[in-house]
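These notes concern the structure reproduced below.
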């Protein structure tokens with residue numbers, strides 16, 4: 005983690021395998037390595053096609069949050 009970085013994100017790249025007429029999801033984990041609360045918001049380029057949950061939230065100090073997209 006570099007200086008000034010509040011959250012670490014795993015994995016850094018999401019891969020969605022294509023399957024015709026099937027909803028595909030992928031997850032990532034946000035890790036707060038600080039002693040402070042950190043807010044986040046995920047924006048999609050096409051909200052009608054892509055759903056992210058939770059799309060916003062607060063990661064508690066020294067904890068993680070799972071995000072499904």
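Residue numbers (this note's numbering): 5 to 73.
Heads up, the beta-carbon is just placed ideally off N, CA and C, and yes, glycines get one too.
Note that the structure is predicted; figures quoted are calculated from it, not measured.
Residue 61 lies in the beta strand (DSSP E); which residues open and close that run?
Where residue 61 is concerned, the enclosing beta strand (DSSP E) stretches over 60 to 63.
For residue 21 and residue 53, I'd like the C-alpha separation in whole angstroms.
Straight-line Cα distance between these residues: approximately 15 Å.
I need the straight-line Cα distance from residue 29 to residue 39, nearest angstrom please.
Those two C-alpha atoms are separated by around 31 Å.
With H, G and I counted as helix, E and B as strand and the rest as coil, what does DSSP make of residue 20?
Three-state DSSP puts residue 20 in coil, outside helix and strand.
Would you kindly work out how many angstroms separate the C-alpha atoms of residue 43 and residue 24, rounded to a whole number?
The alpha-carbon atoms of residue 43 and residue 24 are separated by roughly 35 Å.
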